[in-house]
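Trainee: For reference, the structure I am asking about is given below.
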DNA sequence: TATGAGGGCGCC
DNA sequence: AAACGGCGCCCTCATA
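Numbering (this note's numbering), first residue to last: 383 to 839.
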């Protein structure tokens, strides 16, 4: 029997229907047989099961919001948005809904007649796209463009975070998401209603929103961030000698990669060289091809091709690993993380090359992203166990998990004692003996709110 | 008024 | 055209 559930939180009735049984006990048997068959009992018993109460507690604790901050931001950005709209309408010579891609496209591409040489079209309807990367191409062409981009950013943040979030807090001012433990195909968790795994962080405006996520009085927020964990995982999964050496040396990984690929001494690595290395370092783990690389780097095809080749000629172990992962996934129909978590694929059976290529990219990413998910899940449960043993359950609370980051709320007087312990637990889920000596590192920061955190230690 | 598709974008 | 993995949610707009 091939089980294809595709549901992250099935109700009991749905489980019974799915297993075609009437009794919960029988359904349980059937599901465990399936786990056994897929070699997933260990993942369930050792990673997911101990995590169940931890996720439950995290959902129930919630995070305190400062409504005042949201109110101020709301007033400020509503006003700015109105200003922008007025200016945009004036420059366009017509009043229209700036938030409507259809109307905006009409204004930009027909009325104003703007067009860059590589203006992309949308996938389904073939209209000229107004997405940010396309508008960037027109930034210097017309003064309306920067106004639209600012409008986009503010409208997004206002509509998605600033207005909705404070309306969702409970009587005590706390906001509760639902973390879904089995929310993704790779093993990562998901967060819903609201999603607290995509709170803005990139721009200054975005970070202001994080300042509204505050510590309970008497507590501090303490955040632990795995540093470049996916790339470290790629290094030890692939066994790539050079990449492993880079991490063992503990230097700036993107700069070090640039130094190797461009064949220049570390101190001669330019900003641009580092930027390019960073793009490909990330791209590799997503199965990026030359074309996507070219697009991201903003270079021509030839240069991107050369860079791509240099990269894989430098990191031959990584190249070999990626090839083998693709091949094994196609042959077996699934991939496995370091801990044995599987992801199954249908795409390899498809006659359509595009579908098979998509399956290959997913197969490249799944073991890396999935191992990251395994590691942080193990850490969450181990930290919880530590807090239990040390009788710290009323002093330290896990609030959020954001894939490679854990945010705890810690009684002020305990931060300096507890933070190093949590850091240590996180870093030793995988000891050096299991990572081919690649260190797993977590950076710690502390603050009264999530927007202004200071490096700890 | 409710629903789903489409375009778009926030995070890791 | 898409061409880079994993998510959830917003607004618009057509349709029921």
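Each residue gets a CB set at the ideal place from its N, CA and C atoms; glycine is no exception.
Quantities reported herein were computed from a predicted structural model and do not represent experimental measurements.
Measuring only the C-alpha atoms, how far is residue 629 from residue 703?
Mentor: Taking the straight line from one Cα to the other gives about 18 Å.
Trainee: For residue 831, which beta-bridge partners are listed by DSSP?
Mentor: 596, per the DSSP bridge assignment.
Trainee: Only counting the same chain, and skipping five residues up and downstream in sequence, which positions put a Cβ closer than 7 Å to that of residue 391?
Mentor: Excluding sequence neighbours, residue 391 sits near 562.
Trainee: What's the gap between the Cα of residue 643 and the Cα of residue 632?
Mentor: Each residue's alpha carbon lies about 18 Å from the other.
Trainee: By alpha-carbon positions, which one of 769, 656, 797, 443 ends up nearest to residue 639?
Mentor: Among 769, 656, 797, 443, the Cα nearest to that of residue 639 belongs to 656.
Trainee: For the alpha helix (DSSP H) containing residue 694, name the first residue and the last one.
Mentor: Taken as a continuous stretch (DSSP letters only), the alpha helix (DSSP H) holding residue 694 covers 683–696.
Trainee: Locate the alpha helix (DSSP H) running through residue 812, then write down its first and last residues.
Mentor: First-last for residue 812: undefined, no H or E at that position.
Trainee: So what does DSSP say about residue 384, is it helix, strand or coil?
Mentor: For residue 384, the pLDDT reaches just 44, beneath the cut-off of 50, and the residue's location in the model is therefore unreliable, leaving the point undetermined.
Trainee: Within the same chain, show all residues whose beta-carbon is closer than 7 Å to that of residue 624, passing over the 5 residues directly before and after it, in chain order.
Mentor: Cβ within range, chain order: 642, 696, 697.
Trainee: Under 8 Å, with one C-beta from each stretch per pair, do the region 766–780 and the region 568–576 reach the 3-pair mark?
Mentor: The region 766–780 vs the region 568–576: no contact.
Trainee: Between residue 487 and residue 516, what straight-line distance do the alpha-carbon atoms span, to the nearest angstrom?
Mentor: Approximately 11 Å between the Cα atoms of the pair.
Trainee: Would you be able to state if there are at least three C-beta pairs under 8 Å between the region 682–693 and the region 712–723?
Mentor: Flag = no, the region 712–723 and the region 682–693 do not touch.
Trainee: For residue 452 versus residue 547, is the C-beta distance shorter than 9 Å?
Mentor: It is a contact, given that the beta carbons lie within the stated cut-off.
Trainee: Do the region 426–433 and the region 759–769 make contact, defined as three or more Cβ pairs closer than 8 Å?
Mentor: In short, these stretches touch, since the Cβ pair count reaches three.
Trainee: Residue 386: buried (16+ other C-beta within 10 angstroms of its C-beta) or exposed?
Mentor: Its pLDDT being 49, under 50, residue 386 is placed unreliably in this model, and the value from its coordinates should be taken loosely. Flag for residue 386 reads exposed.
Trainee: Is residue 828 closer than 9 Å to residue 797 when the C-beta atoms are compared?
Mentor: For residue 797 and residue 828, yes; Cβs fall inside 9 Å.
Trainee: Less than 9 Å between the C-beta atoms of residue 581 and residue 455, yes or no?
Mentor: No, the Cβ-Cβ distance between residue 581 and residue 455 is not below 9 Å.
Trainee: With DSSP as the reference, please indicate the residues paired to residue 716 in a beta bridge.
Mentor: Bridge partners of residue 716: 726.
Trainee: Name the residue from 787, 788, 567 whose alpha carbon lies nearest to the alpha carbon of residue 728.
Mentor: That would be 567, whose Cα lies nearest to the Cα of residue 728.
Trainee: Could you spell out the range, first to last residue, of the beta strand (DSSP E) harbouring residue 791?
Mentor: Residues 787–793.
Trainee: Answer yes or no: the CB of residue 506 versus the heavy atoms of the ligand MN, is any distance below 8 Å?
Mentor: Annotation note on the ligand MN: not contained in the displayed structure, which lists no ligands.
Trainee: Going by beta carbon distance, what residues of the same chain come within less than 6 Å of residue 618, once the five residues before and after it are set aside?
Mentor: Contacts found: 817, 818, 820.
Trainee: Label residue 506 either buried or exposed according to how many other C-beta atoms from any shown protein chain fall within 10 Å of its C-beta, with 16 as the threshold for buried.
Mentor: Classification for residue 506: exposed.
Trainee: Taking three-plus beta-carbon pairs below 8 Å as touching, is the region 580–599 in contact with the region 437–444?
Mentor: Touching, no, given that fewer than three Cβ pairs across the two stretches are closer than 8 Å.
Trainee: Where do the ends of the beta strand (DSSP E) carrying residue 585 lie?
Mentor: Neither: residue 585 is in no beta strand (DSSP E) and is coded neither H nor E.
Trainee: Alpha carbons only, please: which of 448, 570, 518, 604 is nearest the one belonging to residue 826?
Mentor: Of 448, 570, 518, 604, the residue nearest in Cα terms is 604.
Trainee: Between the Cα of residue 449 and the Cα atoms of 769, 552, 559, which residue gives the shortest distance?
Mentor: Among 769, 552, 559, the Cα nearest to that of residue 449 belongs to 552.
Trainee: Would you mind sorting residue 749 into buried or exposed? The rule is 16 or more other CB atoms within 10 Å of its CB.
Mentor: By the neighbour-count rule (16 or more Cβ atoms within 10 Å), residue 749 is buried.
Trainee: State the Cα-Cα distance for the pair residue 497 and residue 518, rounded to the nearest angstrom.
Mentor: Those two C-alpha atoms are separated by around 11 Å.
Trainee: So residue 550 and residue 460 are in contact, right, with Cβ under 8 Å, and what is the actual spacing, rounded?
Mentor: No, residue 550 and residue 460 are not in contact; Cβ-Cβ is about 19 Å, not under 8 Å.
Trainee: Report yes if the C-beta distance between residue 667 and residue 746 is below 9 Å; otherwise report no.
Mentor: Yes, the Cβ-Cβ distance between residue 667 and residue 746 is below 9 Å.
Trainee: Thinking residue 808 and residue 824 are a contact (beta carbons under 8 Å), I'd like their distance in whole angstroms, please.
Mentor: That belief holds up - the Cβ atoms of residue 808 and residue 824 are roughly 4 Å apart, short of 8 Å.
Trainee: Check whether the Cβ atoms of residue 439 and residue 679 sit closer than 9 Å, and answer yes or no.
Mentor: No, the Cβ-Cβ distance between residue 439 and residue 679 is not below 9 Å.
Trainee: Under three-state DSSP, which class holds residue 772?
Mentor: It is coil, neither helix nor strand.
Trainee: Note down the Cα distance separating residue 462 from residue 525, rounded to an integer number of angstroms.
Mentor: Answer to the nearest angstrom: the Cα atoms are 17 Å apart.
Trainee: Please state the DSSP three-state secondary structure of residue 543.
Mentor: Residue state, collapsed to three classes: helix.
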